[in-house]
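Q:
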Amino acid sequence: MRVELTPVTPWRHELGHCLHTTAGVLLAHRGLDPGIVLGAAWGFHYPGDLRREEYYLPGHADDLFAGLAPYHGLHSRWHTPAGPDEGWQEVRAELCAGRPVAVAADNFHLPFRPAHRDVHTNHLMVVHGFDDEAGEVYVTDPVPPAHQGPLSLAALTAARDSGNPVRHDRDMFFTANPIGNRWLSWEARGPQPPFTPEFVAEAMARNVRGLTDPADPRTSGLPGLRAFLDGAWERLDSAPEVVDEVFIVAGPVLATTGLHGDFLDRAGRESGDARLRELARQVAGVAHHWAALRIAVATARADRAAALPALRRRSARLVESYEQVLAALGRHLSGVSPTAHVSGLPRISRRQTDDLPAEVTQ
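Have a look at this one:
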């Protein structure tokens, strides 16, 4: 039997991880626009639930898609089969039902990955078909160098059943976490909100609220970000694992920041609102600060004490860039009053934007 689902189109954002590329491929297959769906929400949340996975999303271990796209009614669920045979039969059944599948895999066993036979890591990609007679599966992995096409079922099975061990000093960040043959199912509940100025304004207002007035300021929003970075640098000298923690946490935040910048830029282009394009540029600046901080902490492993002053300076610049963007967003929102309720989002009125904290509106 042979099944190859179409259309399955590679999708990638330059700052995204395998989580975002995989989600983008699956969303596009269902006819949804990945840039809009994945770019609408922007914030910070880290409750300390570190997981050594390339597809890590802080605070959303059980429902990655809800964390990626909270304004679009998306939800996902992990499936953990008892072993490789059961794992393949479950994925095969999904493919026979017409649904491409996101599977966790160790790059060490994937011939098209640069890490093949060199570095272990906990990766995510899409399986969109199989050929029983040829003993092959069809996979889509847009993460550079990018691959779409056949892969032996034996290689996929080894990658999905890997213990993902640490064997040398190149096995960093996303190892020591067995793959476990896991695969991901997802669904969209309810109608998708249209990409209108009203939706964009409501999403922006919710993002601003989440960053300036989070439900738990210890773990979320701008207060949570400050607490996370300050706490990390206080522990850095005595706790080498802080390097991995900051590097891993920064990855998805960098990705969502870049995606949100593109979301605002697209909204500005389609509406002819130059103010949105300028806000997009400022959000992109926040992404640049995240990229610099992530690189700096990744290279601090050899001499953490010497790197600490520079890391603190970069953190201060990052937080300052958030403050500047939030102030600009507040000024923009103070002149916007959405007139239509968008399904799945609470109505945001002019009065609510007037109530934004002083650091946003001034």
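Quick note: the sequence shown uses full-length UniProt numbering, first residue 1, plus one each step.
No residue lacks a Cβ here, since even glycine has one placed at the ideal position from N, Cα and C.
Treat the numbers as computed from the prediction; the structure is a model and nothing was measured.
#1: Considering only the alpha carbon of each residue, which of Arg317, Ala287, Gly129 lies closest to residue 395?
#2: What's the gap between the Cα of Pro145 and the Cα of Pro114?
#3: Rounded to the nearest angstrom, what separates Ser334 and Asp49 at their Cα positions?
#4: In chain order, what are the residue ranges of uninterrupted alpha helix (DSSP H) at least 4 long that sit wholly in the stretch 166-218?
#5: Going along the chain, which unbroken runs of the beta strand (DSSP E) with 3 or more residues stay wholly within the stretch 82-138?
#6: For Ser349, collect the residues of the same chain with a Cβ closer than 6 Å to its Cβ; drop the 5 residues on either side in sequence, then sort them by chain order.
#7: For His17, which of Ile248, Ala66, Gly43, Pro70 has the nearest alpha-carbon?
#8: Based on the DSSP output, what are the partners of Ser76 in its beta bridges?
#9: Which stretch, first to last residue, makes up the alpha helix (DSSP H) that contains His25?
#10: In angstroms with no decimal places, state the Cα-to-Cα distance between Gly258 and Glu187.
#11: Which of helix, strand or coil does DSSP assign to Val3?
#12: Going straight from the alpha carbon of His79 to that of Pro47, what length do you get?
#13: What three-state label does DSSP hand Glu359 in the structure shown?
#14: Nearest to Phe199 by alpha carbon, out of Ala41, Ala155, Trp11, Pro7?
#15: Does the stretch 84-99 come close enough to the stretch 114-126 that 3 or more CB-CB pairs lie under 8 Å?
#16: Closest to Val8 by C-alpha separation, out of Ser321, Leu110, Ala267, His29, would be which residue?
#17: Can a CB atom of chain D be found closer than 9 Å to the CB of Ala307?
#18: Are the Cβ atoms of Asp265 and Arg281 separated by less than 9 Å?
#19: How far does the beta strand (DSSP E) with His147 in it extend, from its first residue to its last?
#20: Which residues does DSSP pair with Thr140 in a beta bridge?
#21: For Leu38 and Ala69, I'd like the C-alpha separation in whole angstroms.
#22: Go ahead and label Asp303 buried or exposed: buried means 16 or more other beta carbons lie within 10 angstroms of its beta carbon, across all protein chains shown.
#23: What is the rounded straight-line gap between the Cα of Ser185 and the Cα of Tyr138?
#24: Among Asp33, Ala82, Leu19, Thr212, which has the Cα closest to the Cα of Arg182?
#25: Leaving out the 5 sequence neighbours to the left and right, which residues in its chain are closer than 6 Å to Ala159 when beta-carbon positions are compared?
#26: Asn207 to Gly43, Cα distance in whole Å?
#27: His45 and Ser220 look like a contact to me (Cβ under 8 Å); what is the Cβ gap, rounded to whole Å?
#28: One question on the structure: do Ala300 and Leu236 come within less than 9 Å of each other, judged by their Cβ atoms?
#29: Looking at C-beta atoms only, is the number of pairs between the stretch 221-228 and the stretch 275-292 that lie closer than 8 Å three or more?
#30: By Cβ distance, which residues of its chain are closer than 7 Å to residue 367, with the 5 residues on each side in sequence left out?
#31: Among Leu329, Gln89, Leu151, Pro197, which one has its Cα closest to the Cα of Gly272?
#32: Give the C-beta separation of Leu64 and Tyr55 to the nearest angstrom, bearing in mind that I take them to be a contact with Cβ-Cβ under 8 Å.
#33: Name the residue from Trp11, Glu4, Leu15 whose alpha carbon lies nearest to the alpha carbon of Ala255.
#34: Grab me the residues of Ala284's own chain with a C-beta within less than 6 Å of its C-beta, minus the 5 sequence neighbours each way, in chain order.
#35: Quick one: using the 10 Å Cβ neighbour count with 16 as the cut-off for buried, is Thr339 buried or exposed?
#36: Which residues in the same chain have their Cβ closer than 7 Å to the Cβ of Ala232, if we skip the five residues on either side of it in sequence?
A: Once the coordinates are examined:
#1: What the structure shows of the chain is the stretch from 1 to 362, and residue 395 is not part of that stretch, so it cannot be assessed.
#2: The residue labelled residue 145 in the question sits at position 145 within the sequence shown. The residue labelled residue 114 in the question sits at position 114 within the sequence shown. Distance between the alpha carbons of Pro145 and Pro114 is about 8 Å.
#3: If you number the sequence shown from 1, residue 334 lands on position 334. If you number the sequence shown from 1, residue 49 lands on position 49. Roughly 36 Å separates the two Cα atoms.
#4: 197-212
#5: 101-106, 122-131
#6: On the sequence shown, residue 349 is found 349 positions in, with the first residue counted as 1. Unreliable positioning characterises Ser349 in this predicted model, as indicated by a pLDDT of 33, which lies under 50. The coordinate reading is nonetheless provided below. There are no such residues.
#7: Looking up residue 17 in the sequence shown gives position 17. Comparing Cα positions, the closest option is Ile248.
#8: Your numbering for residue 76 matches position 76 in the sequence shown. Answer is Trp186, bridged to Ser76.
#9: If you number the sequence shown from 1, residue 25 lands on position 25. This sequence places Val at residue 25; His is not what is there. Start and end: 18-29.
#10: Here residue 258 is taken as the residue at index 258 of the sequence shown, counted from 1. Here residue 187 is taken as the residue at index 187 of the sequence shown, counted from 1. Looking at the two C-alpha atoms, the distance is approximately 24 Å.
#11: Working through the sequence shown from its first residue, we reach residue 3 at position 3. In the three-state reduction of the DSSP assignment, Val3 falls in the strand class, which pools E and B.
#12: Looking up residue 79 in the sequence shown gives position 79. Looking up residue 47 in the sequence shown gives position 47. Whole-angstrom Cα-Cα distance: 23 Å.
#13: Along the sequence shown, read from residue 1 onward, the residue named residue 359 stands at position 359. Note that Glu359 has pLDDT 29, beneath the 50 cutoff, so the model's placement of it is unreliable and no number is given.
#14: To locate residue 199, count along the sequence shown from 1; it is residue 199. Of Ala41, Ala155, Trp11, Pro7, the residue nearest in Cα terms is Ala41.
#15: The stretch 114-126 is not in contact with the stretch 84-99.
#16: On the sequence shown, position 8 is the one that residue 8 refers to. Looking at the Cα atoms, His29 is the closest of the given residues.
#17: Judged by its chain identifiers, the structure shown contains no chain D, having just a single protein chain.
#18: Locating residue 265 in the sequence shown gives position 265, where the first residue counts as 1. Locating residue 281 in the sequence shown gives position 281, where the first residue counts as 1. Yes; because the gap between Cβ atoms is below 9 Å, this pair is in contact.
#19: Counted from its first residue, the sequence shown places residue 147 at position 147. Here the beta strand (DSSP E) through His147 covers 147-152.
#20: Within the sequence shown, residue 140 is the residue found at index 140, counting from 1. According to DSSP, Thr140 bridges with Val126, Gln148.
#21: Numbered from its first residue, the sequence shown carries residue 38 at position 38. Numbered from its first residue, the sequence shown carries residue 69 at position 69. In this structure, the alpha-carbon of Leu38 lies about 6 Å from that of Ala69.
#22: Numbered from 1 along the sequence shown, position 303 holds the residue referred to as residue 303. Exposed: under 16 other Cβ atoms inside 10 Å.
#23: Taking the sequence shown and counting its residues from 1, the one referred to as residue 185 is at position 185. Taking the sequence shown and counting its residues from 1, the one referred to as residue 138 is at position 138. So the two alpha carbons sit approximately 18 Å from each other.
#24: Stepping through the sequence shown from its first residue, residue 182 is reached at position 182. Closest option to Arg182, Cα to Cα, is Ala82.
#25: In the sequence shown, counting from the first residue as 1, residue 159 sits at position 159. Ala105, Asp106, His109, Leu110, listed in sequence order.
#26: Counting from one through the sequence shown, the residue named residue 207 turns up at place 207. Counting from one through the sequence shown, the residue named residue 43 turns up at place 43. Taking the straight line joining both Cα atoms gives about 6 Å.
#27: Position 45 of the sequence shown, counted from the first residue, corresponds to residue 45. Position 220 of the sequence shown, counted from the first residue, corresponds to residue 220. Between Ser220 and His45 the Cβ distance is about 5 Å, and since that is below 8 Å, they are a contact.
#28: As a working mapping, residue 300 is identified with position 300 in the sequence shown. As a working mapping, residue 236 is identified with position 236 in the sequence shown. Cβ atoms of Ala300 and Leu236: closer than 9 Å.
#29: no
#30: Only positions 1 to 362 of the chain appear in the structure, and residue 367 is not among them; the question remains open.
#31: Translated into positions along the sequence shown, residue 272 becomes position 272. Residue Pro197 is the option with its Cα nearest to Gly272.
#32: By one-based count along the sequence shown, residue 64 stands at place 64. By one-based count along the sequence shown, residue 55 stands at place 55. Rounded, the Cβ-Cβ distance is 7 Å, consistent with contact.
#33: Sequence index remark: in the sequence shown, residue 255 carries index 255 (1-based). Taking only the C-alpha atoms, the option nearest Ala255 is Leu15.
#34: The residue labelled residue 284 in the question sits at position 284 within the sequence shown. Correct list, in chain order: Gly261.
#35: Sequence index remark: in the sequence shown, residue 339 carries index 339 (1-based). In this prediction, Thr339 has a pLDDT of 41, which is less than 50 and means its spatial position is unreliable; what the coordinates show is noted afterwards. By the 16-neighbour rule on beta-carbons within 10 angstroms, Thr339 is exposed.
#36: What you label residue 232 is simply residue 232 of the sequence shown in a count that begins at 1. Contacts found: Val242, Glu245, Val246.
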